[in-house]
Amino acid sequence: MSLTGKNVAILLEQVYEDPEFWYPYYRFKEAGAKVTVIAPEIKEYKSKHGYPARADLAAADAKAGDYDAVIVPGGFSPDYMRRSPGMVNFLKQAYEQGSIVAAICHGPWMLASIGAADGKKMTAFFSIMDDIVNAGAIFVDDEVVRDGNVITSRTPEDLPAFCREIINALQG
992 MSLTGKNVAI LLEQVYEDPE FWYPYYRFKE AGAKVTVIAP EIKEYKSKHG YPARADLAAA
1052 DAKAGDYDAV IVPGGFSPDY MRRSPGMVNF LKQAYEQGSI VAAICHGPWM LASIGAADGK
1112 KMTAFFSIMD DIVNAGAIFV DDEVVRDGNV ITSRTPEDLP AFCREIINAL QG
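Position in the sequence shown counted from 1, then plus 991, gives you the numbering used here.
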């Protein structure tokens, strides 16, 4: 399963959930995709456990049309991401142009912020279920849910199914 020629963006902010960032980062690189880390600024961000990751590109400089998929990891980072107009605008443009937008754990907060939850079947970490439902989503408690170009999962344990579904979507 080669993803050669595919461009994948992974969003980054402080207090990200370690495996939800690093597992897709290496999984998509291994499959041959070009992976770009996008954050509010080009700098280092620390995970929930203090592990550093560095952004390759500032969201304000990113062009949604350059990416086939955008991944939003969880942890508490999505709460910081949605405070950044550049991050929100980048994800919204990717969603509206039909790119795959995939979010895990608390990542669907960003999908709610861009209007991508309305009318979609989605899952997320159980503590944000009310937020997702109030944003118009139909909440489903499954390891991975795909509705059109939106893919969601709940926790790090769901990462294998989450990444498989993104790969399936990228391969058409």
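In this text, a Cβ means the ideal position worked out from N, Cα and C, and glycines have one as well. Note that the coordinates shown come from a computational prediction; the quantities given were computed from them, not determined experimentally.
Alpha-carbon to alpha-carbon, residue j and residue i
{"i": "Val1135", "j": "Asp1052", "result": "31 Å"}
{"i": "Ala1022", "j": "Asp1057", "result": "18 Å"}
{"i": "Ala1046", "j": "Pro1015", "result": "15 Å"}
{"i": "Val1028", "j": "Pro1043", "result": "13 Å"}
Buried versus exposed, by CB contacts within 10 Å (16 or more), residue i
{"i": "Asp1132", "result": "exposed"}
{"i": "Lys1034", "result": "exposed"}
{"i": "Thr1143", "result": "buried"}
{"i": "Phe1012", "result": "buried"}
{"i": "Thr995", "result": "exposed"}
{"i": "Gly1054", "result": "Rather than Gly, the amino acid found at residue 1054 in this sequence is Lys. The residue in question, Lys1054, is exposed, as its Cβ has fewer than 16 Cβ neighbours within 10 Å."}
Residues that DSSP places opposite residue i in a beta bridge
{"i": "Gly1106", "result": "None; Gly1106 has no bridge partner."}
Which of helix, strand or coil DSSP assigns to residue i
{"i": "Tyr1007", "result": "strand"}
{"i": "Lys1039", "result": "coil"}
{"i": "Asn1140", "result": "coil"}
{"i": "Phe1116", "result": "coil"}
### Task
Tell me, please, whether the region 1139-1153 touches the region 1097-1115 by the rule of three or more beta-carbon pairs shorter than 8 Å.
Short answer: they touch.
#### Entry: Segment contact flag, the region 1075-1092 with the region 1123-1132, C-beta cutoff 8 Å, min 3 pairs
Fewer than three beta-carbon pairs drawn from the region 1075-1092 and the region 1123-1132 are found closer than 8 Å, and the two stretches are therefore not classed as touching.
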